[in-house]
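Undergrad: Handing you a structure now.
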Ligand SMILES: Cc1cc2nc3c(=O)[nH]c(=O)nc-3n(C[C@H](O)[C@H](O)[C@H](O)COP(=O)(O)OP(=O)(O)OC[C@H]3O[C@@H](n4cnc5c(N)ncnc54)[C@H](O)[C@@H]3O)c2cc1C
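Residue numbers (this note's numbering): 1226 to 1789.
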């Protein structure tokens, strides 16, 4: 990952935003194929796309049609008593959407949708409460904004919204307020971005252990509001388990739950806030589990002969006394992709790779085209890590797998937060790439995988495009695991590309709910997954959610139109 080509965001008027208005991540970082000799041939073979050609143009920021903000004077005055109020065009564009594929395609076309009229950044909880009050008094709309990494349409105002729309950016609430070392709980403000949060905790010797791929640009409040899951959830838990208590500015005042380890107080109000996507109020603070920084941390690479063998191994690891921090295995298609993204190998690397391939074929009987690459991570004291490695190693070999050492794991660990930039690189070259993820019981994972990949390929065939779908298993639990699919294709010329994208995305999502899986394991509902909610939860489930949102926010002033 390096800035090998000039960034084309031509706006120089606005203050530096957190992220590109048209894509993922920082302005001076771009993905390149040039240092990965296998990537361009791989993509040419898989998708028929030549990524060595230069990327297409983006609209200049100055050329965008940005409607004037509609901010009544009385509301502006009320907001200004408690916060900065920005109506800057760049600020409004950056806060208008998240980073789903649909978001990025429309941004790049200059189709900005219904932008917020103003962005406010209160400095503290009292300021957040006052903003909520002011917005409700004016019958306006309030959309909480964490890092803006939503991938399911959770941030965009409804297209026809006629009331003023205010985006409440939580970036000034970014402190770790307190660590209780006895309870191993930390009170943290909701706007803390991943790296800042971990830095503040690490200074005191602690970690939250929540590392989603979007870690660098997402916030604690956003994680809670979307039920996020991080890379090391096997050890630390998803954000739902890590969050012990919340403070939320709601229409009826400050909601505060207690940081007790468990409680019998009726249906869990804390759980109602988890995944609420801003519809119940603004999370200002949470009390979260923290752990001591581990003495040792290692991620090892493993190879399995087939996808079936690797699924069985992951299931057996979850059922065993082993407790790795990461269990992840790619199908053969994602394995081939991972190998294609390797950097220029040294002569020694080439030698080792040839020796390994010969060993796999001759001694282990692997069909190299079917093999699956896995990463398993261990954390804790030296003796704990050693014991875990031994136990897991036995299970891996009982399924025909073998350990290939620490270097692939180290590479994966270093590069994981760079992966999101690939989507923009492909979009620049007219290729759509996106993800859909789900969770299901262990017994359902095999048939689910077969159904999803078959339905996606049928959708590619129906569209008449050459597509690619690949998958990995990650986030293992007692009863099942998450399957995470990535798909890509170059849309046919002459037909609306987002309709072609929707055809494939819908086929995958429908296969999830038709095969006993959930519509999303950790990307939330937003607007993009709402269509499948009733099939996932049943009609009474949706009625309950609707009653909750209507009861708390009868005027539909808080992020309307999301989830239901
Ligand atoms: C490239 C990429 C990789 C990703 N990888 C992962 C991953 O590995 N794991 C994962 O779980 N997700 C992942 N996501 C999805 C996304 O990062 C998560 O949904 C994340 O939790 C959103 O956090 P945020 O701070 O960016 O929230 P935002 O995108 O700003 O907001 C998301 C939703 O939460 C609401 N919200 C935000 N803050 C608050 C608050 N304080 N109070 C109330 N509501 C609030 C918003 O109104 C919105 O509805 C990824 C997304 C992208 C684009």
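By construction, the Cβ of each residue, glycine as well, lies at the ideal position given by its N, Cα and C atoms.
Note that the structure is a prediction, hence the values are computed from the model and not measured.
(1) Who are the near neighbours of residue 1251 in its chain, counting only those whose CB is closer than 8 Å to its CB and skipping five residues on each side?
(2) Hey, quick one: how far does the beta strand (DSSP E) through residue 1510 stretch, first residue to last?
(3) To which residues does DSSP link residue 1706 through a beta bridge?
(4) Does at least one heavy atom of ligand 1 sit under 6 Å from the Cβ of residue 1642?
(5) How many angstroms separate the CA atom of residue 1606 from the CA atom of residue 1380?
(6) Could you check what DSSP says for residue 1216 in three-state terms: helix, strand or coil?
(7) Just mark residue 1584 as buried or exposed, buried being the case when its beta carbon has 16 or more other beta carbons within 10 Å.
(8) Determine the closest residue to residue 1277 out of 1259, 1700 and 1507, with distance taken between C-alpha atoms.
(9) Considering only DSSP beta bridges, list what residue 1603 is partnered with.
(10) Cα separation between residue 1621 and residue 1705?
(11) Among 1391, 1592, 1533 and 1444, which residue has its Cα nearest to the Cα of residue 1696?
(12) Leaving out five residues on either side along the sequence, give the residues of the same chain with a beta carbon under 7 Å from the beta carbon of residue 1612.
(13) Look up residue 1370 in the DSSP assignment and say whether it is helix, strand or coil.
(14) Quick check: does the Cβ of residue 1256 come within less than 6 Å of any heavy atom belonging to ligand 1?
(15) Quick check on residue 1779: does DSSP put it in helix, strand or coil?
(16) Select from 1701, 1629 and 1600 the residue whose C-alpha is nearest the C-alpha of residue 1578.
(17) Just reading off the alpha helix (DSSP H) that residue 1734 is part of, what are its end residues?
(18) Helix, strand or coil: which one does DSSP assign to residue 1497?
(19) Does the contact criterion of 3 or more C-beta pairs under 8 Å hold for the segment 1756 to 1772 versus the segment 1731 to 1744?
(20) In chain order, which alpha helix (DSSP H) runs of at least 4 residues are fully inside the segment 1461 to 1497?
(21) Should residue 1530 be counted as a contact of ligand 1 given a C-beta to heavy atom distance under 6 Å?
(22) Can you tell me where the alpha helix (DSSP H) with residue 1542 in it begins and where it stops?
(23) Which one or two residues does DSSP pair with residue 1431 in a beta bridge?
(24) Tell me which residues share the same chain as residue 1455 and place their Cβ nearer than 6 Å to its Cβ, disregarding the 5 neighbours each side in the sequence.
(25) How should residue 1241 be labelled, buried or exposed, when 16 other C-beta atoms within 10 angstroms of its C-beta is the threshold for buried?
(26) Hey, quick one: how far does the alpha helix (DSSP H) through residue 1647 stretch, first residue to last?
(27) Grab me the residues of residue 1732's own chain with a C-beta within less than 8 Å of its C-beta, minus the 5 sequence neighbours each way, in chain order.
(28) Under the three-state reduction of DSSP, which class applies to residue 1769: helix, strand or coil?
(29) To the nearest angstrom, how far is the alpha carbon of residue 1406 from that of residue 1255?
(30) Using a Cβ-based criterion (distance less than 6 Å to any ligand heavy atom), does residue 1459 qualify as near ligand 1?
(31) What I want to know is whether the C-beta of residue 1782 ends up closer than 6 Å to one or more non-hydrogen atoms of ligand 1.
(32) What are the boundary residues of the beta strand (DSSP E) that residue 1391 is part of?
(33) Is there at least one non-hydrogen atom of ligand 1 closer than 6 Å to the beta-carbon of residue 1711?
(34) Roughly how many whole angstroms lie between the Cα atoms of residue 1779 and residue 1750?
(35) Would you kindly work out how many angstroms separate the C-alpha atoms of residue 1355 and residue 1660, rounded to a whole number?
(36) For residue 1351, report the span of its alpha helix (DSSP H) as first-last.
TA: Reading it off the structure:
(1) 1244 and 1245
(2) 1507 to 1514
(3) 1665 and 1701
(4) no
(5) 41 Å
(6) The displayed coordinates of the chain run from 1226 to 1789. Any statement about residue 1216 would go beyond what the structure contains.
(7) exposed
(8) 1259
(9) 1523
(10) 18 Å
(11) 1533
(12) none
(13) strand
(14) no
(15) coil
(16) 1629
(17) 1722 to 1739
(18) helix
(19) yes
(20) 1464 to 1467
(21) no
(22) 1532 to 1544
(23) 1517
(24) 1435, 1436 and 1437
(25) Below a pLDDT of 50, predicted positions are generally treated as unreliable, and residue 1241, at 38, falls in that range; the measurement from the model is reported next regardless. Flag for residue 1241 reads exposed.
(26) 1646 to 1653
(27) 1680, 1681, 1683 and 1684
(28) helix
(29) 41 Å
(30) no
(31) no
(32) 1390 to 1394
(33) no
(34) 21 Å
(35) 38 Å
(36) 1350 to 1362
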